[in-house]
Structure formats: C-alpha cells, structure tokens
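First up is the structure itself, then whatever we jot down about it.
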Amino acid sequence: MFLEDKVAIVTGAGRGIGREIALTFAREGARVAVVDIREETASETAGEAAAAGADSIALGTDVSDAKSAQEAVDNVIDKFGRVDILVNNAGVTADGLIMKMSDDSWNRVLDINLKGAFNFIKAVVRKMMKQRSGRIINISSVVGIMGNAGQANYAASKAGLIGLTKSVAKELASRGVTVNAIAPGFIATQMTESLPDEVKNKMLGFIPVGSFGAPSDVANAALFLASDLSDYITGQVIVVDGGMVM
Ligand SMILES: NC(=O)c1ccc[n+]([C@@H]2O[C@H](COP(=O)([O-])OP(=O)(O)OC[C@H]3O[C@@H](n4cnc5c(N)ncnc54)[C@H](O)[C@@H]3O)[C@@H](O)[C@H]2O)c1
2 MFLEDKVAIV TGAGRGIGRE IALTFAREGA RVAVVDIREE TASETAGEAA
52 AAGADSIALG TDVSDAKSAQ EAVDNVIDKF GRVDILVNNA GVTADGLIMK
102 MSDDSWNRVL DINLKGAFNF IKAVVRKMMK QRSGRIINIS SVVGIMGNAG
152 QANYAASKAG LIGLTKSVAK ELASRGVTVN AIAPGFIATQ MTESLPDEVK
202 NKMLGFIPVG SFGAPSDVAN AALFLASDLS DYITGQVIVV DGGMVM
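All residue numbers for the sequence shown refer to this note's numbering, where the first residue is 2 and numbers rise by one.
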C-alpha cells in the first residue's frame, strides 16, 4: 500500500473527483478526512472509506470560510494527531460571458476555488512544517492553462491555483513539503454531465485519445503525488487530459 497510516484531507470529496481521490487513498491505507459543504455527501464518502477499512471522518465545511477551514483541520489533528496530505479539490463553476458576468459569480468562484485552497493551505502549513513532511495537491484545470470562453472566473481561479502551487512549493521545499497541481481535462462527473450533448461532442473532437476521462484517472495522479514515489517532484502541474493540451 502506498499511503499506509498517512492522514489525508480531501476537500469537495462528497462526490465526483474528490470522492474518488478519498476512496483511492483509503484503499491505499490512508486515514481520510472527507470535507464537503454538503455534510450528508461527506458522510456517505466517509462511510465508503470506512467500508474499505480506513479510519475516516466527515466534515461539513465551506472551504471559502477561513475560520471553518482552520476548525476542520484542528478537528483532523485532534482525531489523528497529524496531517500528511492535503488535496484542495473543492470547486464550482458559474459560467457566463465577461460582459454579463456578475460580481457575485466572479467572487463566488474565486472564493471557493482559489481562496478555499489558500485557507486550507494556511490551516495545515504549520503542522506540516513542524513534521518536516507533507504533500499538498491542488486540483486546477486545463482551462487554467488554455483559458475558455465563458469561464473567465473559473479559468482565473484555476490559473491562480497554479501560481499558488509554484509559490508555496518554493517556500516549503526545504521543509520536506511538496506542493503540486493536477490539471484535469474533461472528466465525466456531475459537474460536466449537465453540459449539452452538442458541447460534449465538440469537446470530444479535441481529445486525442478519443474519450472523456474518469475520476479514477485524476485519483491515480493524486495517489502518485501523495505517495513517496514523487518525493523529488514539487511545483509541477500534471495534466490529465487525454492529450488535449500538449
Ligand atoms: N469534471 C471535470 O471535467 C473537471 C475538469 C477540470 C478540473 N476539475 C476540477 O476538479 C474538482 C472536482 O470536480 P468535480 O467534477 O468532481 O465536481 P463536482 O461538482 O462533482 O464536485 C465538487 C464537490 O465540491 C463540493 N463543494 C462545492 N463548493 C464547496 C465549498 N464551498 N466547500 C466545500 N465543498 C464544496 C461540492 O459539494 C461537490 O461535492 C473541481 O475543483 C473542478 O474544478 C473538474
């Protein structure tokens, strides 16, 4: 097992990619803290992790709230005594053309996707520095690299996560803490299933491998970055997109 006895926090893990990451880590021996704004879905994932043999807790937390993020991390440290892995996965979209984009939709997407990661990094960083080990993985997007019409807020948040990743990686490298990002392409989850078929078919035309990704494709990259196999890798963005961006 790659994560025996490690303690992992995964945000937005009530469903989709975050859920798959939490369950993959659980199967690899980690104790997992499942964070989601929807407490009942967090509990479902934590229940599945427990069924896979992992010690787990569910935390109903809004990542955009700094105080709640600190409380969530304090809870994890109270229960497990340490924190080895943080995956900042919680994310939302609120699409619209820039001309019509409201302040509210800009602020909401930036607050959850980017500030949420900042909040959780701040909440774990002292503990990881003291431990002289840790893994921080931020879930960005290919849209943060390429941009996308109708997603200025989302693309800005995901590009911001890449700058955050590289800066914090430089600050923490000498303390044994690595910080990397994953940029998924089009992954089949509830976030993407609501898109019209026409848009999905068009997207498919841009994916050289000819199919959408699965949450497990992202979870496997996260497992690599969370494990000792990636000891010498920090400040990187791993693109998991079937060849869309190259
Ligand atoms: N699905 C894709 O194609 C794709 C592609 C690139 C990047 N991503 C990124 O991967 C991550 C997961 O995407 P997904 O497709 O699984 O999405 P999803 O909508 O299925 O899941 C997101 C989860 O985050 C939770 N969440 C939302 N706001 C929150 C908040 N304020 N605090 C805590 N939890 C909150 C939701 O309740 C949900 O459980 C997101 O950051 C997304 O931007 C997804």
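For every residue, glycine included, the Cβ atom is placed at its ideal position computed from N, Cα and C.
Hey, would you say the C-beta of residue i is under 6 Å away from at least one heavy atom of ligand 1?
| i | result |
| --- | --- |
| residue 228 | no |
| residue 185 | yes |
| residue 106 | no |
| residue 96 | no |
| residue 175 | no |
| residue 208 | no |
| residue 192 | yes |
| residue 13 | yes |
| residue 188 | yes |
| residue 154 | no |
| residue 93 | yes |
Which residues in the same chain as residue i place their Cβ atom closer than 7 Å to its Cβ, once the five residues preceding and following it in sequence are excluded?
| i | result |
| --- | --- |
| residue 240 | 143, 184, 246 |
| residue 113 | 64, 65, 91, 92, 93 |
| residue 40 | 59, 61 |
| residue 116 | 65 |
| residue 42 | 15, 16 |
| residue 147 | 246 |
| residue 180 | 137, 166, 169, 170, 173, 235, 236 |
| residue 49 | 24 |
| residue 225 | 231 |
| residue 98 | 151 |
Taking all protein chains shown into account, do 16 or more other C-beta atoms lie within 10 angstroms of the C-beta of residue i, making it buried, or fewer, making it exposed?
| i | result |
| --- | --- |
| residue 105 | exposed |
| residue 152 | buried |
| residue 52 | exposed |
Shorter than 6 Å, the distance from the beta carbon of residue i to the closest heavy atom of ligand 3, or not?
| i | result |
| --- | --- |
| residue 177 | Among the ligands in the structure shown, ligand 3 does not appear; only ligand 1 can be found there. |
Please work out which residues of its chain come closer than 6 Å, Cβ to Cβ, to residue i, disregarding the five sequence neighbours upstream and downstream, and give them in chain order.
| i | result |
| --- | --- |
| residue 81 | 8, 32 |
| residue 178 | 129, 135 |
| residue 159 | 141, 142, 144, 145 |
| residue 131 | none |
Here's a check: name, in chain order, each residue in its chain whose Cβ is nearer than 8 Å to the Cβ of residue i, leaving out the five neighbours to either side.
| i | result |
| --- | --- |
| residue 171 | 236 |
| residue 111 | 154, 157, 158, 161 |
| residue 214 | 185, 186, 187, 188, 189, 241, 242, 243 |
query: Touching or not, the region 44-54 and the region 68-76, by the rule of three or more beta carbon pairs under 8 Å?
result: no
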